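Here the protein sequences come in this chain order: H and Y. For the first sequence, this note's numbering gives the first residue as 1, with consecutive numbering after it. For the second sequence, this note's numbering gives the first residue as 1, with consecutive numbering after it. Comments concern the structure below.
There are 2 protein chains.
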Amino acid sequence: MAYEPKMGRIPIRDLSPQQPENTWPAKAYVGEVVPFQATVFKEGHDLLGVDLLLTSPNGLQAKHRMHEVGIGIDRWQVDVLLDVQGSWIYSIQAWNDDWATWLHNAEIKVPAGVDVQLMLTIGGQLLARAAKADPESRVLKEAAATIATRSLDPLLRLQAALDPRVTAEIERQPLASLQTLSLPLEIRVERSLAGAGSWYEFFPRSEGAKRTKDGRWVSGTFRTAARRLPAVAQMGFDVVYLPPIHPIGTSFRKGPNNTLDAAPGDPGSPWAIGSAEGGHDAIHPDLGTVDDFSAFLDAAAKNGLEVAIDLALQCSPDHPWVTEHPEWFTTLPDGSIAYAENPPKKYQDIYPLNFDNDPIGIRTEILRIVRYWIGLGVSIFRVDNPHTKPLQFWEWLLHEVNTEFPDVVFLAEAFTRPAMLYSLAQVGFQQSYTYFTWRNSKTELEEFLTEISHEHAAYLRPNLFVNTPDILTEYLQFGGPAAYKIRAAIAATASPSWGMYAGYELYENVARPGSEENIDNEKFEYKARDYAAAEAAGRSLAPYVTLLNKIRSEHPALRQLRNLDVHWSDDEAILVYSKYLDGRYTRSGRGDAIIVVANVDPHSARETTVYLDPTRFGIDPSESFEVTDLITRQKFIWGLQNFVRLDAFVEPVHILRVELPKGK
Amino acid sequence: MAYEPKMGRIPIRDLSPQQPENTWPAKAYVGEVVPFQATVFKEGHDLLGVDLLLTSPNGLQAKHRMHEVGIGIDRWQVDVLLDVQGSWIYSIQAWNDDWATWLHNAEIKVPAGVDVQLMLTIGGQLLARAAKADPESRVLKEAAATIATRSLDPLLRLQAALDPRVTAEIERQPLASLQTLSLPLEIRVERSLAGAGSWYEFFPRSEGAKRTKDGRWVSGTFRTAARRLPAVAQMGFDVVYLPPIHPIGTSFRKGPNNTLDAAPGDPGSPWAIGSAEGGHDAIHPDLGTVDDFSAFLDAAAKNGLEVAIDLALQCSPDHPWVTEHPEWFTTLPDGSIAYAENPPKKYQDIYPLNFDNDPIGIRTEILRIVRYWIGLGVSIFRVDNPHTKPLQFWEWLLHEVNTEFPDVVFLAEAFTRPAMLYSLAQVGFQQSYTYFTWRNSKTELEEFLTEISHEHAAYLRPNLFVNTPDILTEYLQFGGPAAYKIRAAIAATASPSWGMYAGYELYENVARPGSEENIDNEKFEYKARDYAAAEAAGRSLAPYVTLLNKIRSEHPALRQLRNLDVHWSDDEAILVYSKYLDGRYTRSGRGDAIIVVANVDPHSARETTVYLDPTRFGIDPSESFEVTDLITRQKFIWGLQNFVRLDAFVEPVHILRVELPKGK
């Protein structure tokens with residue numbers, strides 16, 4: 001028998017979660033409830049048992065019985081809360097369930113008087129086998145004796161096998177044969193913030209920036225910016241993300257609105273990194289010193305905030321590397337260093353790195369820089385344009401950093417084509433910006449939310465930023481305040497990670513003509529905002545944002561990624577989805593179910609019928625149940641079909657808490 | 001630099017064709033044109049070159065340049081005709097196309113007067129590099145000299161680079177950098193008949209069976225059945241498939257219409273294999289001797305037909321194994337051998353094999369039997385109910401047989417759930433019965449045909465039988481002669497393999513009440529058919545079937561699997577698809593394009609508009625072209641939108657040959 005089949009005795013196939021092509025481990029984050037699945041089947045009519053064998057990073061092994069899902073697709077599943085950071089190993093074990101198979105046949109044949117003695121004899125043999133495997137069990141011993149007593153009525157003998165205590169004992173130690181084990185797979189669990197968190201982006205130079213009487217700007221500093229932190233914490237954010245904090249080049253510095261002729265007072269783009277004052281390991285003198293930065297980190301920590309900095313691997317022509325390491329750039333035949341361009345467009349203020357001339361030198365230096373900031377207390381990096389650097393480099397860097405510092409989180413700002421965007425997530429980025437800002441209609445959102453929560457969830461953690469300094473979509477430009485509510489509500493509830501760039505709460509919606517960016521973009525100038533005045537005047541979204549983050553913190557279902565289900569509505573602009581977390585996985589022990597109903601047309605009031613599948617949150621389809629709108633505190637009685645009216649000019653979104661029946 | 005990234009310098013991902021999880025090699029058949037694909041991309045704006053490196057079973061290596069398909073999905077493809085049986089190895093090689101990248105930039109910048117000297121210098125360096133790599137080339141040497149001549153007009157210098165001869169030379173030996181090679185994958189090419197052929201099934205005992213004057217039947221024999229072969233060949237079939245030809249058990253023998261009480265003259269089901277006269281390696285004495293069987297094989301070969309026999313691994317209670325090898329069955333506690341059952345249903349005439357008691361013994365015996373028939377000249381086995389035996393067993397058996405006899409074809413009759421059906425194909429079955437008989441509406445067929453020709457084509461070769469002794473669908477029972485035409489036309493044109501069970505051409509459409517099987521089913525009795533009388537009376541589909549097989553033999557596009565494209569029609573019952581084979585792959589050197597338009601509602605005449613994508617067969621969308629209906633010989637001028645009228649009571653299906661423009 002030379003050839004050893006690759007197929008096991010019981011076929012076990014298509015394990016999930018798994019990365020495409022299984023090149024890297026699947027991903028999850030601490031606290032995530034992960035659906036494990038496999039396709040398991042066998043020839044013939046015997047019933048099967050399927051277990052998930054799961055080994056935690058601590059070496060603890062657990063067995064979770066899987067159940068069949070769907071009809072006729074031979075797909076088995078069990079949900080498990082992964083609660084320890086590190087590398088988990090899982091495999092699937094399948095076996096012929098000899099007891100269940102016999103029971104199924106005996107329950108049909110014995111009452112029908114078919115093969116009665118034979119069926120009871122086989123049952124007796126199985127019970128004797130169970131009793132032998134568990135000699136302590138009186139229940140099994142007695143059942144084995146009863147079923148073997150030929151003088152008793154056959155139905156009574158069968159009854160002994162049906163005793164729930166017998167079922168329970170055998171459930172613990174199944175009567176298995178043809179046991180088959182799949183190959184093991186890895187799932188890497190990262191810290192919670194890798195998967196779930198609320199992010200707020202601001203430019204530290206703007207926070208506390210002032211104009212002097214003669215019209216010159218004085219930059220904000222880490223000290224003045226720290227004063228903004230309590231308000232950010234108050235809104236319920238977890239992370240403050242700062243654009244690059246390094247010295248900014250002066251060669252070809254950009255002026256206001258991306259103009260080519262900066263005036264002497266113009267601060268330049270923080271992404272044009274490097275000047276005589278230093279490069280990627282230096283702090284812009286206008287912002288302060290390393291000590292000031294450390295004080296800012298401390299102030300953030302006191303406010304319960306983590307700080308993310310920007311890792312933008314590009315240089316201004318004034319960056320120290322340009323003279324110290326010209327081999328890290330591309331030198332042209334005329335001796336000049338190549339600036340960034342996409343002909344006919346030129347970006348003369350930026351020298352891209354060349355990763356191929358001295359790959360080891362450049363890798364070593366970038367790893368040194370990342371370690372330097374980690375040493376200062378930074379553990380989140382938002383990576384600028386990772387898709388313009390070799391994918392191979394990121395795989396290497398993230399592996400090196402995360403091996404040494406498993407808590408470090410990298411967020412990929414890869415607004416690019418799908419193959420690159422998804423591959424960056426696959427090689428190790430903890431989080432990714434997505435196409436969310438360009439998914440605004442109901443059908444676009446239904447498809448997008450299903451993709452992020454199911455199709456890509458094994459490797460991609462979306463961070464749904466509603467805006468960025470580079471993105472002010474048409475939808476926000478022309479959708480009025482309702483658009484700002486709609487997008488924030490969807491981002492905050494559909495994804496466990498979402499983000500907002502300062503000014504969103506002030507409804508800043510004027511674009512530079514012909515662009516999808518804010519006019520007078522903060523990338524090129526200071527921007528002093530009076531948040532308090534706007535709030536006092538009732539012209540701020542901050543209270544709504546605060547409420548969204550409060551709802552997120554009170555509802556663990558919203559901090560899960562893979563539990564989103566889309567439901568149907570009759571209206572082409574009413575989007576409906578729910579998120580549910582079973583009580584087994586919540587601290588309170590109560591289940592948590594949220595239904596979001598959003599009118600995604602910000603210019604209308606709409607009435608429609610919403611059709612729910614309440615089995616998705618453990619409610620029988622025949623039951624009605626109370627829901628509470630966490631925005632308006634209104635209560636409704638809901639069921640399978642529900643009338644909804646959403647006026648975008650009043651409240652465009654219902655965020656409904658479902659009052660689950662006890663024990664759910 | 002401890003960690004070695006798994007990602008290559010240029011990412012090359014998602015190679016196709018490939019089996020799910022890449023557990024077994026992908027499949028193709030001799031003569032098949034296979035689309036090879038990969039997702040290839042890189043950071044930045046440089047242009048890429050992508051090659052398929054393909055090694056044939058002869059060890060010949062070839063390089064095929066791939067081209068980008070779709071927009072923004074970074075997917076590359078090249079189609080290759082695989083013309084040698086055996087194991088092919090392929091990998092994908094990607095490289096930075098330095099020349100194309102420069103050319104793209106130079107063509108924008110030089111005419112615009114931007115960086116002119118620099119661009120021409122770089123171009124000169126590239127041409128010098130090309131000339132150095134190919135010192136024989138005068139074209140390159142001259143172009144390098146011209147572009148370097150500073151006294152010339154810059155546009156003239158650029159012109160030297162644009163010379164088509166330069167392009168051609170560099171195309172042959174590209175200026176590549178960052179060359180990256182994927183891991184190799186295997187694609188196993190089997191003989192043509194594994195993928196493409198027309199099958200006809202008959203019961204040899206019926207062919208020539210006669211009723212004597214006293215009402216008893218005299219069985220047909222191999223000698224009488226051989227007289228039917230010329231007619232089968234005449235209809236254009238390639239394979240004659242015979243139900244089991246072994247001795248039939250008498251215990252619990254089934255009578256007519258699957259009744260439990262066979263009368264003495266009832267022949268029994270050929271699938272109840274084994275009697276005192278022998279088992280799986282014996283021939284039913286009523287059919288003749290081994291010599292008679294050999295003569296039948298010879299007669300078939302003379303008619304250009306191959307013979308497929310049935311491999312039905314189950315036994316009647318009278319099979320010799322029951323006494324010689326009781327360990328190959330399941331013995332119950334009462335000492336009896338378990339018959340097949342699915343409680344409450346019992347199949348007492350069948351003992352299923354138990355593959356777990358003595359796996360080596362049973363495998364050895366079955367391999368011996370298969371080898372025995374191969375030794376007699378059989379090289380096609382239609383496998384009965386493979387899904388009731390361990391998948392692992394089939395993987396082993398097919399590997400052993402095909403290693404020794406690569407030409408042997410196994411057809412899986414797995415009418416079962418998808419996981420098992422697809423897995424049987426994956427572990428090695430050359431062909432599979434499918435869900436075709438239950439896909440009758442337009443939308444069902446569109447989805448089904450797309451699945452078989454694209455989604456599953458890497459491992460599953462469909463054989464579209466229109467009926468079997470077990471399957472007479474409602475559609476055929478009630479659809480009249482039109483239904484028979486529609487189903488045959490779709491099966492014969494949509495799939496390179498199709499099949500028909502005798503009686504189909506006679507429109508046999510009466511079912512046993514409450515079943516989807518023919519009444520007076522040939523499985524349980526003799527059936528003498530007068531094909532010639534039906535044909536003479538114009539009540540036979542044989543001329544239509546003959547025409548279908550003739551069209552197949554004249555149109556190589558129809559013997560391909562992966563070239564099917566569905567097109568749109570406005571009518572809910574008008575199904576449209578096309579098949580195209582480029583002239584590079586045909587013997588004549590002319591392209592071959594067929595459009596099938598079928599009215600799948602057999603009770604109606606329908607008029608609608610059909611919308612074609614003529615780029616699918618290499619025709620510009622603005623062109624009109626002539627099509628000829630190969631059924632009616634009518635000609636039409638077609639284009640993007642076409643009026644169609646199909647009266648099911650006249651001709652329900654157009655099979656249109658496209659008159660391709662010269663050179664296609």
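Note that CB positions come from ideal geometry on N, CA and C, so glycine has one too. The structure presented is a predicted model; accordingly, all values stated were derived computationally and were not measured.
Check: residue i C-beta below 7 angstroms from any heavy atom of the ligand PLP
i, result
"Y:Leu185", "Within the structure as shown, the ligand PLP is missing, as the structure has no ligands at all."
Reference residue i; option with closest CA among the options
i, options, result
"H:Leu311", "H:His280, H:Arg417, H:Ser275, H:Leu398", "H:His280"
"H:Ala301", "H:Glu365, H:Gly377, H:Ala194", "H:Gly377"
"Y:Pro462", "Y:Glu365, Y:Gly265, Y:Tyr422, Y:Val40", "Y:Tyr422"
"Y:Arg606", "Y:Pro614, Y:Gly589, Y:Asp629, Y:Phe643", "Y:Phe643"
"Y:Met500", "Y:Asn303, Y:Val239, Y:Phe293, Y:Lys523", "Y:Val239"
"Y:Gly220", "Y:Met235, Y:Leu229, Y:Phe203", "Y:Phe203"
"Y:Ser177", "Y:Trp95, Y:Gln159, Y:Asn509", "Y:Trp95"
Chain Y contact for residue i (CB, 8 angstroms cutoff)
i, result
"H:Asp349", "no"
"H:Leu185", "no"
"H:Thr388", "yes"
Inter-residue Cα distance where the pair is residue i and residue j
i, j, result
"Y:Leu660", "Y:Glu554", "15 angstroms"
"Y:Val677", "Y:Leu476", "With chain Y represented from 1 up to 664, any question about residue 677 of chain Y goes unanswered, as that position is not in the structure."
"H:Leu665", "H:Glu444", "The structure shown has nothing for residue 665 of chain H, since chain H only spans 1 to 664."
"H:Tyr504", "H:Tyr580", "29 angstroms"
"Y:Arg205", "Y:Ala226", "11 angstroms"
"H:Met66", "H:Ser379", "37 angstroms"
"Y:Thr609", "Y:Asp570", "6 angstroms"
"Y:Leu120", "Y:Ile147", "7 angstroms"
"H:Gln392", "H:Ala414", "15 angstroms"
"Y:Trp244", "Y:Ala282", "One detail in the question is off: residue 244 of chain Y reads as Pro in this sequence, not Trp. Y:Pro244 and Y:Ala282: Cα-Cα distance of roughly 10 angstroms."
Cβ of residue i within 8 angstroms of any chain H Cβ
i, result
"Y:Gln392", "yes"
"Y:Asp728", "No statement about residue 728 of chain Y is possible, as the shown extent of chain Y runs from 1 to 664 and does not include it."
"Y:Gly123", "no"
"Y:Ala419", "yes"
"Y:Ile655", "no"
"Y:Pro11", "yes"
"Y:Pro5", "yes"
"Y:Gln628", "For the sequence presented, residue 628 of chain Y should be read as Thr rather than Gln. Output row for Y:Thr628: interface = no."
Status (buried if at least 16 other CB within 10 Å, exposed otherwise) for residue i
i, result
"Y:Asn518", "buried"
"H:Thr493", "buried"
"H:Gly265", "exposed"
"Y:Gln19", "buried"
"H:Tyr372", "exposed"
"H:Val166", "buried"
"H:Arg645", "exposed"
"Y:His387", "buried"
"Y:Thr149", "exposed"
"Y:Ala338", "exposed"
"H:Asn509", "buried"
*Within 7 angstroms of chain H by C-beta, residues of the region 92 to 113 of chain Y in sequence order*: Identification of residues in the region 92 to 113 of chain Y having a C-beta nearer than 7 angstroms to some C-beta of chain H yields Asn105, Ile108, Lys109, Ala112, given in sequence order.
*For the region 242 to 272 of chain H, which residues have a CB atom closer than 7 angstroms to at least one CB atom of chain Y, in sequence order?*
none
*Below 7 angstroms between beta carbons is the criterion; list the residues of the region 32 to 60 of chain Y that meet it against any residue of chain H, in chain order.*
The region 32 to 60 of chain Y vs chain H, Cβ under 7 angstroms: Thr39, Phe41, Glu43, Gly44, His45.
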